[in-house]
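Residue numbers (this note's numbering): 334 to 552. Heads up, the beta-carbon is just placed ideally off N, CA and C, and yes, glycines get one too. Notes to accompany the following structure.
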Ligand SMILES: *Cc1c(COP(=O)(O)O)cnc(C)c1O
C-alpha cells in the first residue's frame with residue numbers, strides 16, 4: 334500500500350531532480366485530511382507546513398505543535414480567528430482584507446507574513462489581483478507596519494493547455510522578479526499543485542501546494 338509518507342518522499346526525489354534553481358518548499362494542502370494523517374506527514378517527511386483553505390477546518394484541526402499556512406479565499410470577518418495560528422496567508426488580494434489583517438495582527442503584536450494572490454489567467458470567477466494591479470497593491474502592503482510581503486501566489490486556469498499554463502507561470506515569474514527588485518522581504522513564488530507542480534518549478538516556483546499528490550484522491 335502506498336502511504337502518504339511514500340508519496341511525499343517520491344515527490345521530494347522528483348523535485349530534487351527538477352529544481353535546478355534552488356530549494357523548493359512543499360506545503361501539504363490538507364483539506365479533508367485528518368489531523369492524525371497531517372501529523373504523520375509533517376513528522377516523518379521534509380514537509381514542514383500544512384496549508385488549509387477553510388477557516389472552520391483550520392480551527393477545528395489546529396494543533397500548535399505544527400505549522401500552518403492559510404491558502405484559500407479569506408473573508409475579512411474571519412481573519413481574527415486565524416491570525417494567531419498561521420505562518421503565511423497566501424491569498425491576499427484586496428485592500429479591505431489587507432487592512433483587516435494589519436489591524437488584527439497589530440492587536441496581538443504580530444507581523445503577519447502574506448503573499449499577494451495573482452489571477453494570472455484573468456478569470457472573472459476567481460479571486461486574485463490582475464497582473465497589472467500587483468505592483469500598486471504591493472506598495473499598499475508596504476505602508477502597513479504589521480504585515481510583511483513575502484511573495485506571490487499564482488492561481489492559474491484549471492482547464493488550459495500546457496502553452497496557456499506556461500504563459501500564466503511566466504507572467505507570475507516576471508511579477509515575482511519585479512517585486513524582488515523593489516522589496517527585500519520577497520522570498521516565495523507559490524505556484525503549482527498536484528497536476529502541474531513539475532512545470533511550475535521549471536518555471537521558477539519555489540513553493541508548491543500539494544494535496545492529492547501526497548494524500549491521494551479524497552472526498
Ligand atoms: C486543494 C488546494 C491545493 C492542492 O490541490 P491538489 O490538486 O490536491 O494538489 C492547492 N492550493 C489550494 C488553494 C487548494 O485549495
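Margin query: Tell me which residues pass a beta-carbon proximity test against ligand 1: closer than 5 Å to any heavy atom, given in chain order.
Written below: 362, 386, 404, 526, 527, 542, 543, 544 and 545
Check: I think residue 440 touches residue 399, with their Cβ atoms under 8 Å apart; what is that distance to the nearest whole Å?
Finding: Their Cβ separation, rounded to whole angstroms, is 24 Å, which puts residue 440 and residue 399 out of contact at 8 Å.
Next item on the list: Check whether the Cβ atoms of residue 496 and residue 453 lie closer than 8 Å to each other.
Entry: no
Check: With 16 other CB atoms within 10 Å as the buried threshold, where does residue 444 fall?
Finding: exposed
Item checked: At least three beta-carbon pairs within less than 8 Å, the segment 386–393 to the segment 357–366 -> yes
Check: For the alpha helix (DSSP H) that residue 449 lies in, which residues bound it at each end?
Finding: Where residue 449 is concerned, there is no enclosing alpha helix (DSSP H), although the beta strand (DSSP E) it sits in stretches over 445–452.
Item checked: Alpha-carbon to alpha-carbon, residue 416 and residue 434 -> 7 Å
Checklist line | residue 459 versus residue 518: straight-line alpha-carbon distance, rounded | finding: 27 Å
Notebook entry, point to check: Sorted by chain position, which residues of the same chain lie with C-beta nearer than 7 Å to residue 337's C-beta, five sequence neighbours on each side aside?
Noted result: 370, 373, 374, 547 and 548
Check: Is it right to say residue 401 is buried, meaning 16 or more other beta carbons lie within 10 angstroms of its own, or is it exposed?
Finding: buried
Check: What does residue 497 pair with, by DSSP beta-bridge criteria?
Finding: Bridge partners of residue 497: none, in fact.
Margin query: Among the candidates 474, 442, 342 and 341, whose CA atom is the shortest distance from the CA of residue 426?
Written below: 474
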